[in-house]
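Trainee: One point on numbering: in numbering that gives the first Met the number 0, the residue at position 60 of the sequence shown is 59, and numbering is uninterrupted.
Take this structure first; my questions come after.
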Amino acid sequence: MDTTPADVRDQHITDLRAALTRAVQELSFAAGREVADDPGYSDRLMTIVGSWEETLARTAS
(Lines of atoms letter the chains of each structure in order from A and count residues from 1; the text may use other names and numbers.)
(Lines give C-alpha, C1' and ligand atoms only; values in the text may rest on other atoms or scores of the structure.)
Protein backbone atom coordinates (compact mmCIF):
# COMPACT_ATOMS: atom_id res chain seq x y z
CA MET A 1 0.00 0.00 0.00
CA ASP A 2 1.35 3.41 -0.97
CA THR A 3 1.79 6.17 1.56
CA THR A 4 -0.39 9.15 0.74
CA PRO A 5 0.38 12.80 1.50
CA ALA A 6 -2.43 12.69 4.07
CA ASP A 7 -0.74 9.77 5.84
CA VAL A 8 2.54 11.69 6.00
CA ARG A 9 0.74 14.80 7.26
CA ASP A 10 -1.06 12.79 9.93
CA GLN A 11 2.24 11.29 11.09
CA HIS A 12 3.81 14.74 11.31
CA ILE A 13 0.87 15.97 13.39
CA THR A 14 1.16 12.93 15.66
CA ASP A 15 4.88 13.58 16.11
CA LEU A 16 4.30 17.27 16.87
CA ARG A 17 1.58 16.46 19.40
CA ALA A 18 3.90 13.97 21.13
CA ALA A 19 6.68 16.57 21.31
CA LEU A 20 4.28 19.20 22.65
CA THR A 21 2.96 16.75 25.25
CA ARG A 22 6.50 16.06 26.43
CA ALA A 23 7.26 19.80 26.53
CA VAL A 24 4.16 20.37 28.68
CA GLN A 25 5.41 17.76 31.14
CA GLU A 26 8.89 19.26 31.29
CA LEU A 27 7.64 22.84 31.62
CA SER A 28 5.17 21.86 34.35
CA PHE A 29 8.00 20.20 36.27
CA ALA A 30 10.19 23.29 35.86
CA ALA A 31 7.36 25.53 37.06
CA GLY A 32 6.94 23.37 40.15
CA ARG A 33 10.63 23.69 40.94
CA GLU A 34 10.54 27.47 40.56
CA VAL A 35 7.38 28.17 42.55
CA ALA A 36 9.18 28.73 45.88
CA ASP A 37 12.07 30.80 44.52
CA ASP A 38 10.36 32.75 41.75
CA PRO A 39 6.57 32.48 41.79
CA GLY A 40 6.21 35.03 38.99
CA TYR A 41 8.37 32.96 36.66
CA SER A 42 6.49 29.83 37.69
CA ASP A 43 3.20 31.56 36.83
CA ARG A 44 4.54 32.54 33.39
CA LEU A 45 5.62 28.96 32.73
CA MET A 46 2.20 27.66 33.73
CA THR A 47 0.52 30.20 31.45
CA ILE A 48 2.51 28.73 28.58
CA VAL A 49 1.58 25.22 29.70
CA GLY A 50 -2.10 26.17 29.74
CA SER A 51 -1.88 27.53 26.22
CA TRP A 52 -0.16 24.40 24.95
CA GLU A 53 -2.71 22.18 26.70
CA GLU A 54 -5.49 24.10 24.96
CA THR A 55 -3.74 23.51 21.64
CA LEU A 56 -3.46 19.80 22.39
CA ALA A 57 -7.14 19.60 23.35
CA ARG A 58 -8.20 21.51 20.25
CA THR A 59 -6.17 19.30 17.92
CA ALA A 60 -7.03 15.95 19.52
CA SER A 61 -8.32 13.39 17.08
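Here a beta-carbon is modelled for each residue, glycine too, at the ideal position from N, C-alpha and C.
#1: How long is the line joining the alpha carbons of R57 and A35, rounded to whole angstroms?
#2: Report the rounded CA-to-CA distance for P38 versus R16, giving the unit in angstroms.
#3: Do you know offhand how far D9's Cα is from T3's?
#4: Starting from T46, trace the alpha helix (DSSP H) in both directions and tell me its first and last residue.
#5: Drop a sphere of 10 angstroms on the beta-carbon of A30, count the other beta-carbons inside from all chains shown, and report buried for 16 or more, exposed for fewer.
#6: Apart from the five residues just before and just after I47, which ones in its own chain have a Cβ nearer than 8 Å to its Cβ?
Mentor: In this structure, then:
#1: By 1-based counting over the sequence shown, the position of residue 57 is 58. By 1-based counting over the sequence shown, the position of residue 35 is 36. R57 and A35 have their C-alpha atoms some 32 Å from each other.
#2: Locating residue 38 in the sequence shown gives position 39, counting from the first residue. Locating residue 16 in the sequence shown gives position 17, counting from the first residue. Answer to the nearest angstrom: the Cα atoms are 28 Å apart.
#3: One-based indexing of the sequence shown puts residue 9 at position 10. One-based indexing of the sequence shown puts residue 3 at position 4. When rounded, the distance between both Cα atoms is 10 Å.
#4: Within the sequence shown, the letter at position 47 stands for residue 46. P38 to R57 is the extent of the alpha helix (DSSP H) around T46.
#5: Within the sequence shown, residue 30 is the residue found at index 31, counting from 1. Classification of A30: buried, given that the 10 Å Cβ count is 16 or more.
#6: Looking up residue 47 in the sequence shown gives position 48. Non-local C-beta neighbours of I47 in its own chain, meaning closer than 8 Å and more than five positions away in sequence, comprise L26, ordered along the chain.
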